[in-house]
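Reviewing the structure listed below.
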Amino acid sequence: MSPQPSRKGGFFKKIFGGGSDAPPAQPQAGAEPGAAATEAAPGAGARTDVPQLPLPAHLREKWTRRASEPLLDGKTLSYYKQNGYTKGIRVFDDEDLAFIQENFDKLADHLGVKDLISAGRFLELQMWHRYSEWIYRICAHPRVVSGLQQILGPDVLLWASEFYVKYPGDWRVVPWHQDGAFWECAIKPTRGVTVFMPFFDVDRENACMQVIPGSHLGPHWAQVQIPKQRNKVFQQECRPEDVDESKIHHAEMKAGEVMFHHPAILHRSLPNRSKRLKAVLTGRYSPPDITCDRSRWPDFKQTLIAGEDRHGNNPTVDPPPDGAVGLPNPDENKYAPLDPPGEGAWKKRDPNYVTHDLIEPHA
Ligand SMILES: O=C(O)CCC(=O)C(=O)O
322 MSPQPSRKGG
332 FFKKIFGGGS
342 DAPPAQPQAG
352 AEPGAAATEA
362 APGAGARTDV
372 PQLPLPAHLR
382 EKWTRRASEP
392 LLDGKTLSYY
402 KQNGYTKGIR
412 VFDDEDLAFI
422 QENFDKLADH
432 LGVKDLISAG
442 RFLELQMWHR
452 YSEWIYRICA
462 HPRVVSGLQQ
472 ILGPDVLLWA
482 SEFYVKYPGD
492 WRVVPWHQDG
502 AFWECAIKPT
512 RGVTVFMPFF
522 DVDRENACMQ
532 VIPGSHLGPH
542 WAQVQIPKQR
552 NKVFQQECRP
562 EDVDESKIHH
572 AEMKAGEVMF
582 HHPAILHRSL
592 PNRSKRLKAV
602 LTGRYSPPDI
612 TCDRSRWPDF
622 KQTLIAGEDR
632 HGNNPTVDPP
642 PDGAVGLPNP
652 DENKYAPLDP
662 PGEGAWKKRD
672 PNYVTHDLIE
682 PHA
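The structure is reproduced here in structure tokens:
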């Protein structure tokens, strides 16, 4: 029998404090947790009323061409290992960016992304890689995949994507957190990498990410529930007294560059004090030995983007077909984990309790 999900609403909904009028997530009909099942029609149920440009054939050819050499050199990999991130890796050129930026602007205008953000409806900016080919191919770009394989090994799953958007003057803060503290609510082990892909330049004026280099090595800080505050994007954060702000690195980057970061690195972003948009796509990736607890995240679906899945632990979804330009259907709102029942471990974590399985980058 499938475990019954909590009725309190989505985990991320609670964390992000938004989307309150959407129904709670429901488990997939007939699906047992952990059962591998492939959705035959990718993008089924997708919203298609928001205009987007389909990926042109020449960019598809370019964005699927196998990388001729590994993305990260030895020095960069060592840097990742020591610091928990590596940034400024050029993946997208000016031609790619012209398409990406035009498409994002078009879509954001029609969808009313600014209003969605003001209303706290962040869930609607998640999981687009399942529905739009151009987003999927950004997340699965051969150069991104090359870097991921160097860090995670040959077999790589993509299981989530989200947009982090701050318009000029957006005063919201993404508080100090470790991605793994969110992931571990549903995914074990919390092995993986985030790839952070800015569509426009990011710097300290327009809310670039701030990281604490080396913080992925521990100790692993308690992430505590905080009262709903309109200027905080999440409702939990690492306690400020645990963060040594003298070590902050401002991860400024040019559009087209990407950053890889470890699930245990401490990071945040501040308000956008500039007149420029911040729009970043993040992809979340793991090796195939992860298992998602589907009583916590009924709609979890992974896509194998490199190598083989010898574990088959989780349901899968195929990439969107060529030319697909759908979006998730906001009414379904089933893209995120559910609340952990009662007091989840993440709420009362012993600061010295190492939950993240630190992964060594491959040589
Ligand atoms: O850039 C931001 O505002 C936050 C991004 C973030 O937290 C992440 O990519 O995990």
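At position 141 of the sequence shown the residue is numbered 462 (this note's numbering), and the sequence of numbers has no breaks. All C-beta atoms in this analysis are idealised placements derived from N, C-alpha and C, irrespective of residue type, glycine included. From a predicted model like this one, the values you see are computed outputs, not experimental measurements.
Residues near residue i in its chain [Cβ-Cβ closer than 6 Å; skip 5 each side]
i: Pro519; result: Met574, Ala576 and Val601
i: Ala356; result: Low confidence applies to Ala356: its pLDDT is 38, below 50, so where it sits in the model is not reliable, and the reading given next is rough at best. Closer than 6 Å at Cβ, skipping near neighbours: no residue.
i: Gly409; result: Met574 and Glu578
i: Tyr400; result: Thr407
i: Ser536; result: Ile586 and Leu587
i: Cys529; result: Val523, His571, Ala572 and Glu573
Pair within 8 Å by beta-carbon distance, residue i and residue j
i: Ala627; j: Val466; result: yes
i: Gln544; j: Gln556; result: no
i: Ala572; j: Gln531; result: yes
i: Gly405; j: His582; result: yes
i: Pro496; j: Glu566; result: no
i: Asp417; j: Leu380; result: yes
i: Val516; j: Thr624; result: no
i: Asp476; j: Pro609; result: yes
i: Ile586; j: Val564; result: no
i: Leu648; j: Ala367; result: yes
i: Trp492; j: Asn552; result: yes
i: Asn635; j: Phe621; result: yes
Span of the beta strand (DSSP E) around residue i
i: His498; result: Val495 to His498
i: Ser399; result: Taken as a continuous stretch (DSSP letters only), Ser399 belongs to no beta strand (DSSP E), being part of the alpha helix (DSSP H) at Gly395 to Asn404.
i: Ser590; result: His588 to Ser590
i: Ile472; result: Per DSSP, Ile472 belongs to no beta strand (DSSP E); it is in the alpha helix (DSSP H), Pro463 to Leu473.
i: Glu578; result: Glu578 to His582
i: Tyr457; result: Not the beta strand (DSSP E): Tyr457 falls in the alpha helix (DSSP H), residues Glu454 to Cys460.
i: Tyr485; result: Val477 to Lys487
i: Ser607; result: Lys599 to Ser607
i: Val564; result: It is not in any beta strand (DSSP E) - Val564 carries neither H nor E in the DSSP assignment.
Opening and closing residue of the alpha helix (DSSP H) in which residue i lies
i: Glu416; result: Asp415 to Leu432
i: Val523; result: No alpha helix (DSSP H) contains Val523, which DSSP labels as neither H nor E.
i: Gln557; result: Taken as a continuous stretch (DSSP letters only), Gln557 belongs to no alpha helix (DSSP H), being part of the beta strand (DSSP E) at Gln557 to Cys559.
i: Arg381; result: Ala378 to Thr385
Neighbourhood of residue i by C-beta, 7 Å cutoff - its chain only, sequence neighbours within 5 removed
i: Leu432; result: Val371
i: His462; result: Trp384 and Val412
i: Asp430; result: none
Neighbourhood of residue i by C-beta, 8 Å cutoff - its chain only, sequence neighbours within 5 removed
i: Asp489; result: It is worth fixing the name first, because residue 489 is Pro in this sequence and not Asp. Once the five neighbours on either side are set aside, the close Cβ partners of Pro489 are Asn527, Asn593, Ser595, Lys596, Arg597 and Leu598.
i: Lys427; result: Pro372, Gln373 and Leu374
ask   = For the 8 Å Cβ check, are there 3 or more pairs between the region 410–417 and the region 599–617?
value = no
request  = Please confirm if the region 634–644 is in contact with the region 371–383, defined as three or more CB-CB distances below 8 Å between the two stretches.
outcome  = yes
request  = Determine, using beta-carbon pairs with one atom in the region 444–456 and one in the region 583–592, whether at least three such pairs fall under 8 Å.
outcome  = no
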